[in-house]
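Chemist:
In our numbering, the protein residues as written are 2 to 250.
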């Protein structure tokens, strides 16, 4: 509303908003906070990756139905983070590049597989997330939207902006995809239990752990497997996550 935008010099920002409050950048603290938010998001999928400096990527393939579908899942994630005081912008798409571009401009888009190019065509070129030099060059060339850039031949774009930029454009338009690299290795076996209401008593927690242990035991027995290390993660209603790890002798 005040005309502020990312990348604006501080002097220009203060000219627009004289009462602007300024704080020093703390990358280490920001990363620690992002890691904590990622821990919280583990309740939705074990495939959570950092998208530094300010984002996360969640691979929700095959798990959205557990939360009532993609719309309900996005709503649960965003409402949960909003209650913790965070401003959230999210999007769902078949490729990380498409989802990333959409959430840079607006919140709440869900793009079906195959609709990526159409979904991002009208977005401004800054949504690509390319470096500032390339964004300025695109604008000087009269290319204001991702659709404008895509209308040019790939060889022309590569010659002027480089192969890395072309790869970014293709991923954003759903023509290629870069796999998500989760920050935690996917466990060989996993069992989970969701509760309609929070539980707090030791008896209820132990009963839930016993039930999950039985589920894991049956799954491993079917394949003749065992376990040397087991981790239980508890997702609290206040947003905190607690882990309990056990080693087998």
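Every residue, glycine too, gets a C-beta built ideally from N, C-alpha and C. Owing to the predicted nature of the structure, the values given are computational and were not obtained by experimental measurement.
Might you give, ordered along the chain, the residues of its own chain that have their beta carbon closer than 6 Å to the beta carbon of residue 90, omitting 5 neighbours on each side?
Modeler: Working through the chain shown from its first residue, we reach residue 90 at position 89. Excluding residues within five positions, the ones whose Cβ falls inside 6 Å are 104, 108.
Chemist: Based on the DSSP secondary-structure assignment, which residues constitute the bridge partners of residue 172?
Modeler: Counting from one through the chain shown, the residue named residue 172 turns up at place 171. DSSP lists no partner for residue 172.
Chemist: Which residue's Cα is closest to the Cα of residue 66: 56, 77, 58, 57?
Modeler: For the purposes of this step, residue 66 is identified with residue 65 of the chain shown, where counting begins at 1. For residue 66, the nearest C-alpha among the options comes from 77.
Chemist: What is the rounded straight-line gap between the Cα of residue 101 and the Cα of residue 128?
Modeler: Taking the first residue of the chain shown as position 1, residue 101 is located at position 100. Taking the first residue of the chain shown as position 1, residue 128 is located at position 127. Distance between the alpha carbons of residue 101 and residue 128: 8 Å.
Chemist: Rounded to the nearest angstrom, what separates residue 240 and residue 80 at their Cα positions?
Modeler: Residue mapping note: residue 240 aligns to position 239 of the chain shown, counting from 1. Residue mapping note: residue 80 aligns to position 79 of the chain shown, counting from 1. Whole-angstrom Cα-Cα distance: 12 Å.
Chemist: Nearest-angstrom Cα distance between residue 17 and residue 23?
Modeler: Looking up residue 17 in the chain shown gives position 16. Looking up residue 23 in the chain shown gives position 22. Computed Cα separation, rounded: 14 Å.
Chemist: Cutting at 7 Å between CB atoms, please list the residues of its own chain near residue 227, excluding the five before and the five after it.
Modeler: Your numbering for residue 227 matches position 226 in the chain shown. Same-chain partners within the cutoff: 221.
Chemist: Any C-beta of chain B sitting closer than 8 Å to the C-beta of residue 211?
Modeler: Of the protein chains in this structure there is only one, and it is not chain B.
Chemist: Could you compute how far the alpha carbon of residue 56 sits from the alpha carbon of residue 123?
Modeler: On the chain shown, position 55 is the one that residue 56 refers to. On the chain shown, position 122 is the one that residue 123 refers to. One C-alpha to the other measures close to 23 Å.
Chemist: Candidates 184, 206, 219, 208: which alpha carbon is nearest residue 52's?
Modeler: On the chain shown, position 51 is the one that residue 52 refers to. If we check each option's Cα against that of residue 52, 184 comes out closest.
Chemist: If the criterion is Cβ atoms closer than 8 Å, does the pair residue 136 and residue 111 meet it?
Modeler: Walking along the chain shown from the start, residue 136 turns up at place 135. Walking along the chain shown from the start, residue 111 turns up at place 110. For residue 136 and residue 111, no; Cβs fall outside 8 Å.
Chemist: How far does the alpha helix (DSSP H) with residue 235 in it extend, from its first residue to its last?
Modeler: Position 234 of the chain shown holds residue 235. It is not in any alpha helix (DSSP H) - residue 235 instead sits in the beta strand (DSSP E) that spans 230-236.
Chemist: Report the residue ranges of all beta strand (DSSP E) runs contained in full by the stretch 150-216; include only those spanning at least 3 residues, in chain order.
Modeler: With a minimum length of 3 residues, no continuous beta strand (DSSP E) run stays inside the stretch 150-216.
Chemist: Alpha carbon to alpha carbon, how far is residue 231 from residue 191? Give it in angstroms, no decimals.
Modeler: Sequence index remark: in the chain shown, residue 191 carries index 190 (1-based). Sequence index remark: in the chain shown, residue 231 carries index 230 (1-based). Using only the alpha carbons, I get a separation of about 10 Å.
Chemist: Among residues of its own chain, excluding the 5 on either side of residue 246, which ones have a beta-carbon nearer than 6 Å to its beta-carbon?
Modeler: On the chain shown, residue 246 is found 245 positions in, with the first residue counted as 1. Result list for residue 246: 232, in chain order.
Chemist: Is it true that the CB of residue 97 sits closer than 8 Å to the CB of residue 179?
Modeler: Along the chain shown, one-based indexing puts residue 179 at 178. Along the chain shown, one-based indexing puts residue 97 at 96. Closer than 8 Å, so yes.
Chemist: So residue 142 and residue 170 are in contact, right, with Cβ under 8 Å, and what is the actual spacing, rounded?
Modeler: Mapped onto the chain shown, residue 142 falls at position 141. Mapped onto the chain shown, residue 170 falls at position 169. Their Cβ separation, rounded to whole angstroms, is 14 Å, which puts residue 142 and residue 170 out of contact at 8 Å.
Chemist: Considering residue 48, what are the terminal residues of the alpha helix (DSSP H) in which it resides?
Modeler: Counting from one through the chain shown, the residue named residue 48 turns up at place 47. Taken as a continuous stretch (DSSP letters only), residue 48 belongs to no alpha helix (DSSP H), as it is neither H nor E.
Chemist: With a threshold of 16 other CB atoms inside 10 Å of the CB of residue 48, please say whether the residue is buried or exposed.
Modeler: For this step, residue 48 is matched to residue 47 along the chain shown. Flag for residue 48 reads buried.
Chemist: For residue 56, which residues does DSSP report across the bridge?
Modeler: The count along the chain shown starts at 1 and reaches residue 56 at position 55. DSSP output for residue 56 lists 52 as bridge partner(s).
Chemist: Taking a contact to mean a Cβ-Cβ separation below 8 Å, would you say residue 60 touches residue 72 in this structure?
Modeler: Start at 1 with the first residue of the chain shown, and residue 60 comes out as number 59. Start at 1 with the first residue of the chain shown, and residue 72 comes out as number 71. No. Outside cutoff.
Chemist: What residues are listed by DSSP as bridge partners for residue 125?
Modeler: Residue numbering aside, residue 125 sits at position 124 when the chain shown is read from its first letter. 146, per the DSSP bridge assignment.
Chemist: The alpha helix (DSSP H) spanning residue 38 covers which residue range?
Modeler: For the purposes of this step, residue 38 is taken as residue 37 along the chain shown, with counting starting at 1. Residues 28-42.
Chemist: Do you know how far the Cα of residue 43 is from the Cα of residue 250?
Modeler: Looking up residue 250 in the chain shown gives position 249. Looking up residue 43 in the chain shown gives position 42. Interpretation of residue 250 is limited by its pLDDT of 46, a score under 50 that renders its predicted location unreliable; the figure taken from the coordinates is listed afterwards. Going from the Cα of residue 250 to the Cα of residue 43 covers about 28 Å.
Chemist: Find the nearest neighbour of residue 162 within the set 194, 140, 36, judged by alpha-carbon distance.
Modeler: In the chain shown, residue 162 corresponds to position 161, counting from 1. Of the candidates 194, 140, 36, the one whose C-alpha sits nearest the C-alpha of residue 162 is 140.
Chemist: What's the C-alpha gap between residue 40 and residue 209?
Modeler: Residue 40 sits at position 39 when you count from the first residue of the chain shown. Residue 209 sits at position 208 when you count from the first residue of the chain shown. When rounded, the distance between both Cα atoms is 21 Å.
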